[in-house]
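Participant: Residue numbers are given in the numbering used here: position 673 of the sequence shown equals residue 740, and the series is strictly consecutive. Think of the CB as a built atom: it goes at the ideal place given N, C-alpha and C, for glycine as much as any other residue. These numbers were taken from a predicted model, which means no experiment stands behind them. Before anything else, here's the structure in question.
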Amino acid sequence: MGEAELEMFRRLDATLRPQEACHFVDEAPLKELSVGWGEAEWRTAALWAQLLTRATDGSIAGETLLTRLAQRKLRWAAWERELLWRTTLGRPEPHWTDLDYRIPMSSIKELPASEREPLLPLLMQAQREMEAVPLSAGWTARRLLDGLIAEHLAGDPAAATRSLVPECDGFAALLREEYGKRLGEPDALPLARHWATAITVTPAPQWTARAGELLTPHATELIQEILGRVPAYREGLWHNGYHEVVTYLHERTAELLRGMIWTCELIDEPWVTELLGDVALATGIGMGGSGPNSRSERVANAALGVLARRGGMEVVAQLARIQAKVRRKSILTKVRQILDETAVRTGLSPEQLVERTVPSFGLGHDGTRTEQGLTLAVTGAITYNGRKTVPKSVDRELLAGFRATAKELKKTVPAERLRVERALAAGRTWSWQEVCEFYLDHPVTGAFARTLIWEVVQGSAGLPVHVAGAWELSDPAGRRIRPRPEAQVRLWHPISHTPEEVRAWRDHLLTIGLRQPFKQAFREVYLLTPAEEATRDHSRRFSGHLLRYGQAKALLTERGWTGMSLGHWDAAGGSGQCEAAKELPGGLTATWEFYLDEHSYERDGYGTTVSICVSGDLRFRSLSGTSPVPPTDTGTSTVPSADTRRWPVPLVEVPALTLSEALRDADLAVGVTSTGLDPEGHGDYWQSYSFGDLTESAQVRRDALAGLLPRLAIADRCTLADRFLRVRGDLRTYKIHLGSGNILMEPNDAYLCIVPHGTGDQVFLPFEEDGGMLSIILSKAFLLAADAAITDPSITRQIHF
């Protein structure tokens with residue numbers, strides 16, 4: 068350096084450097100000092116600031132100062148660039164931050180590769196030093212440096228990919244191992260480097276234009292293949308530089324995938340829309356496939372953004388799948404926004420959009436497709452001339468197509484079933500013409516819509532029957548009506564009908580052996596109780612239950628509840644209590660409290676995972692409330708909570724259907740996840756739940772058993788009591804509780820522990836899938852009716868005790 072530069076260093080030391088040892092420099096005097104500076108002075112100041120970061124007394128240049136100097140477009144001499152990099156390298160220990168590389172990176176990032184070539188050994192040394200520290204530190208500088216070095220390694224495609232894709236998660240390892248060579252080839256590497264720059268929320272027009280210039284057929288194939296691996300990819304343990312943590316996608320990998328997704332906007336191929344839907348769904352759901360968070364929100368949002376910009380009715384079907392499965396509020400908001408915008412353009416409601424875009428998958432009216440002996444059913448099952456085994460002589464391409472369609476059916480059918488059940492819970496209405504066209508005649512939706520009871524608003528109800536080329540409704544007595552096309556129709560709900568009407572429908576379904584896809588005729592009804600009228604603004608009906616936390620969280624999340632977050636971290640995080648919430652029709656929100664009991668820390672070993680939570684009060688809130696609810700005996704505040712800004716709503720003002728469906732979710736959560744269901748449980752709560760009064764769901768189970776028992780082979784050995792199914796065996800008589808499925812033995816009510824292992828006998832059930840409590844109770848009844856034939860010593864010891 069010349070004397071002029073050294074003199075400027077002395078002036079900068081005297082003016083800007085602090086007199087006492089500290090960690091930041093006040094850059095304000097720079098404004099006065101820099102008056103009249105030319106580019107040479109600014110370069111010298113940048114060199115001074117960079118050297119100061121290496122000062123041995125611990126002082127470093129201020130972040131704002133370094134950033135401002137790095138942002139100036141300076142024409143660096145080759146020796147100056149080399150000095151910047153040499154002073155940055157070789158730290159006594161691998162300790163650096165993004166700030167240390169801000170000026171050195173600015174000196175080379177716009178250079179052509181040929182002018183960077185002399186610095187390549189220094190750049191690669193910097194890359195090695197960066198690899199010695201966790202990727203979370205200084206990742207912006209590392210991302211830029213990795214991309215520049217990848218350009219120099221174009222002669223070694225695999226090495227170029229390794230530079231561009233650091234091994235920071237399982238998917239990055241997959242890219243390096245299986246796609247390293249192809250990503251680093253000359254017709255893909257420039258675009259791959261461009262993908263790595265996808266660091267903003269949405270792509271700038273210049274970014275998309277550049278991607279279009281770099282896009283090649285080879286790169287298009289890579290996009291389809293790599294994004295196609297995302298739906299099957301799962302999170303796993305990964306070392307972050309300090310310890311192993313559960314990781315899905317690191318920021319660097321997510322940015323690369325986001326760049327690929329943005330490039331899909333330029334690809335006019337039929338596979339793009341469905342693939343983006345798969346990616347958004349896989350990354351939008353929580354770890355393990357459920358939960359209120361998302362695996363990678365940035366990737367999911369990128370896919371949704373491209374879907375929104377592509378537009379078209381085919382996008383709606385993908386959005387419906389995402390809406391049915393994902394529980395992340397921000398993602399659901401984005402999905403609703405896209406649907407609303409599409410609805411405005413088409414003049415339809417979001418619900419109408421979704422039902423008009425359910426794919427038929429080439430199935431016929433009966434829900435099957437048959438070609439060359441192969442039959443594909445709406446369930447996704449594939450058979451050949453009625454047999455499950457498909458011979459090798461079958462056309463392989465046709466079989467592959469059937470299997471691909473079956474895979475899509477298995478994703479669509481559950482989403483459709485959930486959508487229709489939500490329409491029942493919301494009390495939605497249609498014209499009869501819409502019901503016929505988009506439900507009864509649809510080969511997918513119709514598979515379960517034709518097993519449901521429909522009713523004309525303020526008119527008759529019935530099961531759909533096809534007569535003379537048109538749909539009619541047939542009631543339990545066989546009377547049929549044909550609604551007018553414009554007649555308003557809804558799904559029948561027992562809350563709007565008398566007990567006699569409900570009984571008639573339940574008996575009818577049992578008589579004809581019709582299994583409904585979800586509970587409709589046997590649906591539980593929850594009416595306001597005197598206790599709830601007394602508490603006014605909250606229900607304690609499902610308070611005080613000990614629930615298996617992980618199972619309860621997954622179940623409620625699946626049914627649209629968010630906010631379940633309990634854990635053993637510091638109290639400031641609110642880990643000891645939370646409030647689950649669900650958006651309901653009419654602008655209402657249901658909230659349900661959960662908390663940890665006094666034994667939680669001891670039970671869970673002071674770890675971070677909660678095993679048991681306690682249910683609290685359930686409330687309803689509204690944004691449109693104008694008068695607060697008077698204080699209750701629990702001291703509940705009458706002011707809306709700060710986070711929701713919603714007023715509590717008196718329970719008597721909540722619509723009956725809305726109240727019933729919210730309480731049904733709570734009953735379902737308790738009935739499935741209560742520790743009182745444990746066959747080997749103990750304690751006061753277990754005793755009271757295992758053999759106590761029946762909830763509404765257990766009462767419906769009792770009602771179903773009343774109709775099923777006369778049809779069973781063991782009917783003469785069974786008696787239905789108030790809370791129990793009494794089963795007479797050869798050795799003893801047993802009482803199976805209709806709520807918990809737990810068993811007492813007469814005459815002394817000794818407890819019999821039996822862990823359920825399946826249904827055993829195949830019995831027609833009108834609403835439950837295998838594994839539900841009704842099937843468990845029946846399985847135990849069949850077993851105990853033949854107790855003399857039981858050979859399991861863990862059971863026989865208890866019976867003979």
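How many Å lie between V393 and C785 at the Cα?
Facilitator: Translated into the one-based positions of the sequence shown, residue 393 becomes position 326. Translated into the one-based positions of the sequence shown, residue 785 becomes position 718. Spanning the two alpha carbons is a distance of roughly 44 Å.
Participant: Taking W329 as part of the alpha helix (DSSP H), name the residues at either end of that continuous run.
Facilitator: Residue 329 sits at position 262 when you count from the first residue of the sequence shown. 318–330 is the extent of the alpha helix (DSSP H) around W329.
Participant: Taking 8 Å as the cut-off, does the segment 428–443 touch the segment 404–414 (at least 3 CB pairs, one atom from each stretch)?
Facilitator: No contact exists between the segment 404–414 and the segment 428–443.
Participant: Is W559 helix, strand or coil by DSSP?
Facilitator: As a first step, residue 559 is located in the sequence shown; it is residue number 492 there, counting from the start. Three-state result, W559: coil.
Participant: Can you give me the Cβ contacts of N809 inside the same chain, cut-off strictly under 6 Å, excluding the 5 residues immediately before and after it?
Facilitator: Here residue 809 refers to the residue found at position 742 of the sequence shown. Counting only Cβ-Cβ distances below 6 Å, and skipping sequence neighbours, we find S757.
Participant: Got a sec? Which residues, its chain only, sit under 8 Å from L374 by beta carbon, not counting five neighbours each side?
Facilitator: Locating residue 374 in the sequence shown gives position 307, where the first residue counts as 1. These residues qualify, in order along the chain: T340, L343, G344, A347, V382, Q385, L386, I405.
Participant: For R686 versus H605, is the C-beta distance shorter than 9 Å?
Facilitator: Along the sequence shown, one-based indexing puts residue 686 at 619. Along the sequence shown, one-based indexing puts residue 605 at 538. In this structure, H605 lies closer than 9 Å to R686 by Cβ.
Participant: In chain order, what residues of the same chain lie with their CB nearer than 6 Å to the CB of P531, ignoring the 5 residues before and after it?
Facilitator: Residue numbering aside, residue 531 sits at position 464 when the sequence shown is read from its first letter. Answer for P531: L507, R517, W538, listed in chain order.
Participant: Under the three-state reduction of DSSP, which class applies to G702: helix, strand or coil?
Facilitator: For the purposes of this step, residue 702 is taken as residue 635 along the sequence shown, with counting starting at 1. In this prediction, G702 scores a pLDDT of 36, lower than 50, which makes its location untrustworthy; no coordinate-derived value is stated.
Participant: With a threshold of 16 other CB atoms inside 10 Å of the CB of T740, please say whether the residue is buried or exposed.
Facilitator: Residue mapping note: residue 740 aligns to position 673 of the sequence shown, counting from 1. Answer is buried; the Cβ neighbour count reaches 16.
Participant: Tell me the rounded alpha-carbon separation between L289 and L282.
Facilitator: In the sequence shown, the residue the question calls residue 289 occupies position 222. In the sequence shown, the residue the question calls residue 282 occupies position 215. Each residue's Cα considered, the two are about 11 Å apart.
Participant: To the nearest whole angstrom, what separates the beta carbons of L623 and A736, a pair I think is in contact under 8 Å?
Facilitator: Counting from one through the sequence shown, the residue named residue 623 turns up at place 556. Counting from one through the sequence shown, the residue named residue 736 turns up at place 669. Contact flag correct, Cβ pair sits at about 6 Å.
Participant: Mind checking which residues open and close the beta strand (DSSP E) that includes R436?
Facilitator: To locate residue 436, count along the sequence shown from 1; it is residue 369. Note, R436: beta strand (DSSP E), 435–438.
Participant: Can you list, in chain order, the residues of its chain whose CB lies under 7 Å from that of T207, leaving out five sequence neighbours each side?
Facilitator: As a first step, residue 207 must be located in the sequence shown, where it is residue number 140. Here the set comprises D165.
Participant: To the nearest angstrom, report how far apart G192 and R169 are at their CA atoms.
Facilitator: Walking along the sequence shown from the start, residue 192 turns up at place 125. Walking along the sequence shown from the start, residue 169 turns up at place 102. Sequence check: residue 192 is Gln here, not Gly. Approximately 17 Å, taken between the alpha carbons.
Participant: Since I believe R615 is in contact with T742 (beta carbons under 8 Å), could you give me their beta-carbon distance rounded to a whole number of angstroms?
Facilitator: For the purposes of this step, residue 742 is taken as the residue at position 675 of the sequence shown. For the purposes of this step, residue 615 is taken as the residue at position 548 of the sequence shown. Going by Cβ atoms, the distance from T742 to R615 rounds to 6 Å, so yes, they are a contact pair.
Participant: Using the DSSP secondary-structure output, state which residues sit across from S541 in a beta bridge.
Facilitator: Residue 541 sits at position 474 when you count from the first residue of the sequence shown. Paired residues: L530, R547.
Participant: Checking the sheet assignment: what are the DSSP bridge partners for L792?
Facilitator: One-based indexing of the sequence shown puts residue 792 at position 725. BP columns for L792 point to L787, I803.
Participant: Would the segment 654–668 count as touching the segment 592–604 if we require 3 or more Cβ pairs under 8 Å?
Facilitator: The segment 654–668 vs the segment 592–604: no contact.
Participant: With a threshold of 9 Å between beta-carbons, can P179 be considered close to chain C, or not?
Facilitator: No chain C is present in this structure, which holds just one protein chain.
Participant: Do Q587 and W559 have their beta-carbon atoms positioned less than 9 Å apart in this structure?
Facilitator: Along the sequence shown, one-based indexing puts residue 559 at 492. Along the sequence shown, one-based indexing puts residue 587 at 520. Yes, they are a contact pair.
Participant: Measuring straight from C-alpha to C-alpha, what distance separates D745 and E234?
Facilitator: Within the sequence shown, the letter at position 678 stands for residue 745. Within the sequence shown, the letter at position 167 stands for residue 234. About 44 Å.
Participant: Using only the alpha-carbon positions, how far apart do D684 and S173 sit?
Facilitator: Indexing the sequence shown from 1 puts residue 684 at position 617. Indexing the sequence shown from 1 puts residue 173 at position 106. Straight-line Cα distance between these residues: approximately 58 Å.
Participant: Alpha carbon to alpha carbon, how far is S363 from S642?
Facilitator: Within the sequence shown, residue 363 is the residue found at index 296, counting from 1. Within the sequence shown, residue 642 is the residue found at index 575, counting from 1. In a straight line, the C-alpha of S363 is about 23 Å away from that of S642.
Participant: Kindly confirm or deny that the segment 453–465 and the segment 496–503 touch, where touching means at least three C-beta pairs closer than 8 Å.
Facilitator: Touching, no.
Participant: Counting Cβ pairs, one atom from each stretch, are 3 or more of them under 8 Å apart for the segment 396–404 and the segment 317–335?
Facilitator: No, the segment 396–404 does not touch the segment 317–335.
Participant: Between the segment 235–255 and the segment 267–275, can you find at least three pairs of beta-carbon atoms closer than 8 Å?
Facilitator: No, because fewer than three Cβ pairs between the segment 267–275 and the segment 235–255 fall closer than 8 Å, the two stretches do not touch.
Participant: Around the C-beta of F505, are 16 or more other C-beta atoms found within 10 angstroms, so that it is buried, or is it exposed?
Facilitator: The residue you call residue 505 lines up with position 438 of the sequence shown. Flag for F505 reads buried.
Participant: State the DSSP-derived secondary structure class of L443, mapped to helix, strand or coil.
Facilitator: The residue labelled residue 443 in the question sits at position 376 within the sequence shown. Three-state result, L443: strand.
Participant: Just curious, the beta strand (DSSP E) that F238 is in, first and last residue?
Facilitator: Stepping through the sequence shown from its first residue, residue 238 is reached at position 171. First-last for F238: 237–250, but that is the alpha helix (DSSP H), not the beta strand (DSSP E).
Participant: Just how far apart, CA to CA, sit L832 and T314?
Facilitator: Mapped onto the sequence shown, residue 832 falls at position 765. Mapped onto the sequence shown, residue 314 falls at position 247. Going from the Cα of L832 to the Cα of T314 covers about 42 Å.
Participant: Beta carbon of V511, beta carbon of P426: below 9 Å?
Facilitator: As a position in the sequence shown, residue 511 is number 444, starting the count at 1. As a position in the sequence shown, residue 426 is number 359, starting the count at 1. A contact, by the Cβ cut-off of 9 Å.
Participant: What are the start and end residues of the alpha helix (DSSP H) that includes R570?
Facilitator: Along the sequence shown, one-based indexing puts residue 570 at 503. Where R570 is concerned, the enclosing alpha helix (DSSP H) stretches over 566–579.
Participant: Please say whether F791 and F589 have beta carbons closer to each other than 9 Å?
Facilitator: As a first step, residue 589 is located in the sequence shown; it is residue number 522 there, counting from the start. As a first step, residue 791 is located in the sequence shown; it is residue number 724 there, counting from the start. No, the Cβ-Cβ distance between F589 and F791 is not below 9 Å.
Participant: Consult DSSP for K478 and reduce its assignment to one of helix, strand or coil.
Facilitator: Reading the sequence shown from its first residue, position 411 is the one you call residue 478. Three-state result, K478: helix.
Participant: For K620, does the count of other Cβ atoms within 10 angstroms reach 16, so buried, or fall short, so exposed?
Facilitator: Here residue 620 is taken as the residue at index 553 of the sequence shown, counted from 1. When all chains shown are included, K620 counts as buried.
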